[in-house]
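Going by our numbering, the sequence shown opens with residue 1, and the numbers climb by one from there.
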Amino acid sequence: MAVTSRDVARLAGVSQPTVSRALRDDPRVSDETKRRVREAAALLGYVPSEAGRALSSGRTRRIGLLVTDLGNQFYSHIIAPLHRELEARGYQLVLHTETTDESVAERLIANGLDGVILATTTVDSVVPVRLRDRGLPFVYFNRTAAYVDADATVVAPAAGFQAAVDRAMELGHERIGAVFGPENTSTGQSRELALRAALTARGVGLDPSRVRRGPFDTRTGDDATASLLGLAEPPTLIFCGNDVVAYGALNASGRAGIGVPEDVSIIGFDDLPPASWPIIQLSTIAYDYAHMAREAGRLMVERIEDAPNEYAHVEFGTTFVERRTLAAPRSH
């Protein structure tokens, strides 16, 4: 007769669920209990079966990550920490890159997932509604939708923008430009509101002629910056919706022979690894996106296994990181 987890539980003196948690290295199980369970499993020759786990628990232990904007470099940097967090809790990460709201919810459900982390949700997306109606748990990462509440890990941009604006004012910048993200994303909205609030607090307006919007990609930054630099009175400082947009802004400036920061300063958002490269040295607004990804994984597992009554909304604060691309305007 095959050895079962019940046999291991009896020998280790623990419950069967504890055996499962211990063997997948669940952080809620003490090191001593994990040791006893592993020794009992080794003594009995027990090998846990993923298929058996799914049948006994009704779970596949697979969690989807929905990214509809895979070209955005930001998301490549959060996959690894999210994968490690879920793996430590006994779950597998499955990447989904569907691009249409009409079919994505049905495909996620058809893939037999225990839950989904939504990473590129728009405020008007129907996906959260359909997942809720079908009973598939989900967590918002970075972006949220307007119609359905759920667990979420998001960025609180106010402090970072306030520090960046304060520093810009110290350096003498008055003509401020901005390349915001899409208006149908919570990140685009919150970052615009935070920048405008920080500028207003310093008595500085944001001239509509120096505002551009677009997707969070390098082309947006490139095209928008070329347009801004062509103005009769171009901005001396451009705030960008994220670092990827800022890379495009740097490209446009270089192509036009405009020095950064001699002629125009540029500030990004996210502090992705390339931002600190010597060749870029981008001033940017930073936060711990790796921790935010891990927290999304924790919330997802907690939602699946414990189904808390209240939704958790975890905010991550921001700081300003000053590098080479910010300096006093030439006229100052």
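All residues carry an ideal CB built from backbone N, CA and C; glycine is no exception.
N-terminal and C-terminal residue of the beta strand (DSSP E) that residue i is part of
| i | result |
| --- | --- |
| residue 139 | 138–141 |
| residue 92 | 92–96 |
| residue 361 | Lying outside 1 to 332, the shown extent of the chain, residue 361 is not represented and no answer is given. |
| residue 64 | 62–66 |
| residue 213 | 211–213 |
| residue 221 | Element bounds for residue 221: not the beta strand (DSSP E) but the alpha helix (DSSP H), 218–229. |
Neighbourhood of residue i by C-beta, 7 Å cutoff - its chain only, sequence neighbours within 5 removed
| i | result |
| --- | --- |
| residue 21 | 28 and 29 |
| residue 185 | 122, 123 and 143 |
| residue 321 | 271, 283, 284 and 286 |
| residue 164 | 267, 285 and 320 |
| residue 195 | 161, 178 and 239 |
Which of helix, strand or coil DSSP assigns to residue i
| i | result |
| --- | --- |
| residue 310 | coil |
| residue 153 | strand |
| residue 315 | strand |
| residue 35 | helix |
| residue 43 | helix |
| residue 193 | helix |
| residue 199 | helix |
| residue 237 | strand |
| residue 328 | coil |
| residue 244 | helix |
| residue 181 | coil |
From the options, residue whose alpha carbon lies closest to that of residue i
| i | options | result |
| --- | --- | --- |
| residue 167 | 89, 202, 61 and 75 | 202 |
| residue 325 | 310, 250, 299 and 297 | 250 |
| residue 88 | 270, 257 and 23 | 23 |
| residue 235 | 208, 140 and 322 | 208 |
| residue 33 | 46, 16, 134 and 44 | 16 |
| residue 276 | 172, 13 and 323 | 323 |
| residue 174 | 297, 274 and 327 | 327 |
| residue 199 | 170, 220 and 188 | 170 |
| residue 243 | 219, 227, 256 and 132 | 219 |
| residue 294 | 193, 310, 14 and 80 | 80 |
| residue 212 | 140, 245 and 329 | 245 |
| residue 8 | 25, 41, 26 and 119 | 41 |
| residue 333 | 3, 69 and 78 | Here the chain covers residues 1 to 332 and nothing more, so residue 333 does not appear. |
| residue 315 | 151, 4, 3 and 247 | 151 |
| residue 373 | 305, 181, 172 and 223 | With the chain covering 1 to 332 only, the question about residue 373 has no answer from this structure. |
Close beta carbons around residue i, own chain, < 6 Å, minus the five adjacent residues each side
| i | result |
| --- | --- |
| residue 64 | 94, 96, 108, 113 and 116 |
| residue 301 | 89 |
| residue 37 | 12, 19 and 22 |
| residue 148 | 128, 129 and 132 |
| residue 118 | 66, 138 and 140 |
| residue 83 | 93 |
Other residues of its chain near residue i: CB distance less than 8 Å, five sequence neighbours each side excluded
| i | result |
| --- | --- |
| residue 253 | 225, 229, 259, 260, 263, 264 and 266 |
Terminal residues of the alpha helix (DSSP H) in which residue i lies
| i | result |
| --- | --- |
| residue 8 | 5–12 |
| residue 74 | 73–88 |
| residue 19 | 16–23 |
Any C-beta of chain C under 9 Å from that of residue i
| i | result |
| --- | --- |
| residue 147 | Looking for chain C here will not work: only one protein chain is present. |
In chain order, what are the residue ranges of uninterrupted alpha helix (DSSP H) at least 4 long that sit wholly in the region 247–301?
none
Taking only runs that begin and end inside the region 98–133, name each unbroken beta strand (DSSP E) of 3 or more residues, in chain order.
115–118
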